[in-house]
Amino acid sequence: MRLRTLWITLVVLFLLIVGVMIGANIWVQSYLRSDAFRAMIEHKTGLALKLKAKYRPFQWSGSSVYSDQFAGGEGTGDISAQRIRASFNLRSILDGAWRINDLNIGRLDTVFSSKPAADHPIPPPDPVTGWRSYLPHRFELDRITIGDANFTWGTNSPGSGALQGTALNATPANKGWNITAKGGKLLMKKFPELSLQDAKIRTQQGSLYITESHLRTGENGNVQISGERSEDGDLNMEVQWEKVPAQSLLKDPWDNRLSGTFEGNAKIKSTGGSEAVIKGKFLLTDGLLQGIPMQTQIANYTRQPEYERLPLQQLSADYVIRAGKVFINNLVAESKGLLRVEGECIVDHEETITGTFKVGVTSQSLRWLPGSQARVFTVSQNGYLWATVHVGGTLKNPHEDLSSRLIAAATGQVIDSAAGMIVNPVKTTKDVIKDAAHAILPGLSLP
8 MRLRTLWITL
18 VVLFLLIVGV
28 MIGANIWVQS
38 YLRSDAFRAM
48 IEHKTGLALK
58 LKAKYRPFQW
68 SGSSVYSDQF
78 AGGEGTGDIS
88 AQRIRASFNL
98 RSILDGAWRI
108 NDLNIGRLDT
118 VFSSKPAADH
128 PIPPPDPVTG
138 WRSYLPHRFE
148 LDRITIGDAN
158 FTWGTNSPGS
168 GALQGTALNA
178 TPANKGWNIT
188 AKGGKLLMKK
198 FPELSLQDAK
208 IRTQQGSLYI
218 TESHLRTGEN
228 GNVQISGERS
238 EDGDLNMEVQ
248 WEKVPAQSLL
258 KDPWDNRLSG
268 TFEGNAKIKS
278 TGGSEAVIKG
288 KFLLTDGLLQ
298 GIPMQTQIAN
308 YTRQPEYERL
318 PLQQLSADYV
328 IRAGKVFINN
338 LVAESKGLLR
348 VEGECIVDHE
358 ETITGTFKVG
368 VTSQSLRWLP
378 GSQARVFTVS
388 QNGYLWATVH
398 VGGTLKNPHE
408 DLSSRLIAAA
418 TGQVIDSAAG
428 MIVNPVKTTK
438 DVIKDAAHAI
448 LPGLSLP
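Residues 8 to 454 (my numbering) are what the sequence shown spells out, left to right.
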């Protein structure tokens, strides 16, 4: 009898435990499908992203939940996501956490703002009472995958840009995330469009670090980007490139006038979301300059057709982009045996150019230009004869003061020669005319 009572008691306890478990499961499932649970998820998401968050209604299938859309804003930026699916590990409730094994997002669009997150505090959720207070309040994420991620930062500043159409995979690490990115394209002002091969990114306490990245442009152009963006909006990035086609960096009409491959670097810095300053260097190799009307004039004046298709063994400079202006310093351009240019210039946001250059040419180039060596190219150094040239106008229609000075020098030379001929009694009138004509138009033959 006692044995029978024992068995009955065990069965009752077992059924009671099973009933409690079933009831608890039903109750948990009911809570998961409630607006209160969605409100808690929105609050936790808002705290993590430092913005106000809102999900479309959840759709549950077992332990997997789906939402059409998520949207957030008024903090570190604006963010929206579509086709969101999460797989919950409900057994983790016993460990005091809501654990999501995999969070999958079909598309993510993010616009970063320069406003500090502290300006937009996240309001607390409604207080949890009753049995719900015993449920976990901590969330754990094992992995996030995003099929189509798009990020935009800045506005019209030199450091503004966008990363479009990349695939992301993120795992938690040291109070932050380790992220790998593949595919997509990077768009930045003053730079060509770049195809992203792969990148490694780390986030920690609101800051983002690009530890490694590889991008391509053109057929052989390689670009690497690294740096960080702090929680306060400070930007400190570095870009290095090599074998980048000149056409991809230049705007019309210069993309058809200058060819070759560039290598160089750029350091991009801004503080608190302010307009970025870009500093760097560049070097053009295997360059060729052609199609500029002035080249044809120079070729005709000097009787050297090489000037019409001018090979450039070197074109290098330091540059700074700040407040809508491009400052070019330490510029050196050389076509060996023909021309060397050194100097600096400024190009503003309206593409107006102001510059001062030293131009060096060979004596061979000047032998058909009367008065040029005596009046314009007066300094001899490093195998070249040098003159100072001032440049103005716009990038599409530049102008310089060298041509007018050469004309004035030639005129002065002709006048001096003619005056000398006149005072020489040995010369006849015919000789004076012939010599003056030869001074103006070298090679012209008169009977």
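A virtual CB, placed ideally from N, CA and C, is assigned to each residue, including glycine.
Look at the alpha carbon of isoleucine 232 and the alpha carbon of arginine 40, and state the distance between them as a whole number of angstroms. Numbered from 1 along the sequence shown, position 225 holds the residue referred to as residue 232. Numbered from 1 along the sequence shown, position 33 holds the residue referred to as residue 40. Approximately 44 Å, taken between the alpha carbons.
Between leucine 115 and alanine 93, which are expected to be in contact by the criterion C-beta below 8 Å, what is the C-beta distance as a whole number of angstroms? The residue given as residue 115 occupies position 108 in the sequence shown. The residue given as residue 93 occupies position 86 in the sequence shown. Incorrect: roughly 14 Å between the Cβ atoms, too far for contact.
Spatial distance of serine 71 from aspartate 102 (CA atoms): Here residue 71 corresponds to residue number 64 of the sequence shown, with the count starting at 1. Here residue 102 corresponds to residue number 95 of the sequence shown, with the count starting at 1. So the alpha carbons of these two residues sit roughly 19 Å apart.
What did DSSP end up calling isoleucine 299 once you bin it into helix, strand or coil? Indexing the sequence shown from 1 puts residue 299 at position 292. Coil.
For the region 373 to 384 and the region 335 to 349, state whether three or more C-beta atom pairs, one from each stretch, are separated by less than 8 Å. no
Going along the chain, which residues of its own chain have a beta-carbon closer than 8 Å to the beta-carbon of glutamate 245, five neighbours each way excluded? Reading the sequence shown from its first residue, position 238 is the one you call residue 245. These residues qualify, in order along the chain: Ile232, Ser233, Gly234, Asn272, Ala273, Lys274, Ile275.
What are the boundary residues of the beta strand (DSSP E) that includes serine 233? On the sequence shown, position 226 is the one that residue 233 refers to. Its beta strand (DSSP E) spans residues 228 to 236.
Any chain C beta carbon closer than 8 Å to asparagine 157: Absence of chain C from the displayed structure is noted, only one protein chain being present.
Determine, using beta carbons only, whether glycine 53 and arginine 90 come nearer to each other than 8 Å. In the sequence shown, residue 53 corresponds to position 46, counting from 1. In the sequence shown, residue 90 corresponds to position 83, counting from 1. No. Outside cutoff.
Cross-strand partners of aspartate 149 (DSSP beta bridge): Position 142 of the sequence shown, counting from 1, holds the residue named residue 149. DSSP, once it has assigned bridges, lists no residue as partnering aspartate 149.
Do lysine 207 and leucine 201 have their CB atoms nearer than 8 Å? In the sequence shown, residue 207 corresponds to position 200, counting from 1. In the sequence shown, residue 201 corresponds to position 194, counting from 1. No, the Cβ-Cβ distance between lysine 207 and leucine 201 is not below 8 Å.
Can you round the beta-carbon distance between threonine 268 and alanine 253 to whole angstroms, since I take them to be within the 8 Å contact cut? Against the sequence shown, residue 268 aligns to sequence position 261. Against the sequence shown, residue 253 aligns to sequence position 246. With a Cβ gap of about 7 Å, threonine 268 and alanine 253 count as contacting.
CA nearest to the CA of alanine 104, picked from Pro64, Lys51, Ala330: On the sequence shown, position 97 is the one that residue 104 refers to. Measuring from the Cα of alanine 104, the nearest candidate turns out to be Lys51.
Can you check which of these residues, Arg264, Thr395, Leu290, is closest to leucine 402 by C-alpha distance? Looking up residue 402 in the sequence shown gives position 395. Comparing Cα positions, the closest option is Arg264.
Which value, in whole angstroms, describes the spacing of the CA atoms of alanine 78 and glutamate 270? Within the sequence shown, numbered from 1, the residue matching residue 78 stands at position 71. Within the sequence shown, numbered from 1, the residue matching residue 270 stands at position 263. Near 41 Å, if we compare the C-alpha coordinates of glutamate 270 and alanine 78.
Classify alanine 125: buried if its beta carbon has 16 or more other beta carbons within 10 angstroms, exposed otherwise. Along the sequence shown, one-based indexing puts residue 125 at 118. Any reading at alanine 125 must be qualified, since the residue scores a pLDDT of 48, below 50, and its modelled position is unreliable; the value itself is stated next. The residue in question, alanine 125, is exposed, as its Cβ has fewer than 16 Cβ neighbours within 10 Å.
Relative to the C-alpha of aspartate 241, which candidate in Asn229, Pro199, Ser281, Lys286 has its C-alpha closest? Start at 1 with the first residue of the sequence shown, and residue 241 comes out as number 234. Considering only alpha carbons, the answer is Ser281.
Express the C-alpha separation of glutamine 171 and glutamine 321 in angstroms, rounding to a whole number. On the sequence shown, residue 321 is found 314 positions in, with the first residue counted as 1. On the sequence shown, residue 171 is found 164 positions in, with the first residue counted as 1. Cα-Cα distance, rounded: 35 Å.
Could you check the C-alpha separation between serine 387 and alanine 169 for me, to the nearest Å? The count along the sequence shown starts at 1 and reaches residue 387 at position 380. The count along the sequence shown starts at 1 and reaches residue 169 at position 162. Cα-Cα distance, rounded: 50 Å.
Do you know how far the Cα of alanine 156 is from the Cα of leucine 502? As displayed, the chain neither begins before 8 nor continues past 454, which places residue 502 out of reach and without an answer.
For the alpha helix (DSSP H) holding arginine 63, just list the boundary residues, first then last. Reading the sequence shown from its first residue, position 56 is the one you call residue 63. No alpha helix (DSSP H) contains arginine 63, which DSSP labels as neither H nor E.
With respect to the alpha helix (DSSP H) encompassing glutamine 311, which residues constitute its N-terminal and C-terminal limits? Residue numbering aside, residue 311 sits at position 304 when the sequence shown is read from its first letter. Neither: glutamine 311 is in no alpha helix (DSSP H) and is coded neither H nor E.
Could you compute how far the alpha carbon of alanine 43 sits from the alpha carbon of leucine 175? As a first step, residue 43 must be located in the sequence shown, where it is residue number 36. As a first step, residue 175 must be located in the sequence shown, where it is residue number 168. About 30 Å.
What is the DSSP secondary structure of glutamate 200, counted as helix, strand or coil? In the sequence shown, the residue the question calls residue 200 occupies position 193. It is coil, neither helix nor strand.
Could you have a look at tryptophan 375 and say whether DSSP puts it in helix, strand or coil? If you number the sequence shown from 1, residue 375 lands on position 368. Three-state result, tryptophan 375: coil.
Are the CB atoms of phenylalanine 289 and serine 323 nearer to each other than 8 Å? Numbered from its first residue, the sequence shown carries residue 289 at position 282. Numbered from its first residue, the sequence shown carries residue 323 at position 316. Yes, these two residues count as a Cβ contact at 8 Å.
Tell me where the alpha helix (DSSP H) around leucine 265 begins and ends. Position 258 of the sequence shown, counting from 1, holds the residue named residue 265. Counting along the chain, leucine 265 falls outside any alpha helix (DSSP H), though it belongs to the beta strand (DSSP E) covering 265 to 277.
Going by DSSP in three states, valine 327 sits in which element: helix, strand or coil? Start at 1 with the first residue of the sequence shown, and residue 327 comes out as number 320. Strand.
Just to check, is the beta-carbon of glycine 331 closer than 7 Å to a non-hydrogen atom of the ligand ZN? This structure simply doesn't include the ligand ZN, nor any ligand for that matter.
Cβ-based neighbour list, glutamate 357, same chain, cut-off 8 Å, excluding 5 preceding and 5 following: Against the sequence shown, residue 357 aligns to sequence position 350. Thr401.
Once the 5 residues before and after proline 260 are set aside, which same chain residues still bring their CB inside 7 Å of it? Counted from its first residue, the sequence shown places residue 260 at position 253. So the qualifying residues of the chain are Lys403.
Distance, aspartate 239 Cα to isoleucine 153 Cα: Residue 153 sits at position 146 when you count from the first residue of the sequence shown. Residue 239 sits at position 232 when you count from the first residue of the sequence shown. Cα-Cα distance, rounded: 26 Å.
Look at the alpha carbon of glycine 190 and the alpha carbon of aspartate 205, and state the distance between them as a whole number of angstroms. Walking along the sequence shown from the start, residue 190 turns up at place 183. Walking along the sequence shown from the start, residue 205 turns up at place 198. Cα-Cα distance, rounded: 7 Å.
Determine the contact status of valine 398 and isoleucine 360, defining contact as a CB-CB distance below 8 Å. As a first step, residue 398 must be located in the sequence shown, where it is residue number 391. As a first step, residue 360 must be located in the sequence shown, where it is residue number 353. Cβ atoms of valine 398 and isoleucine 360: closer than 8 Å.
Kindly indicate which residue of Ile305, His406, Tyr391 has the alpha-carbon position closest to the one of arginine 347. Working through the sequence shown from its first residue, we reach residue 347 at position 340. Comparing Cα positions, the closest option is Tyr391.
Can you name the residues that DSSP bridges to glutamine 321? For the purposes of this step, residue 321 is identified with residue 314 of the sequence shown, where counting begins at 1. Answer is Glu341, bridged to glutamine 321.
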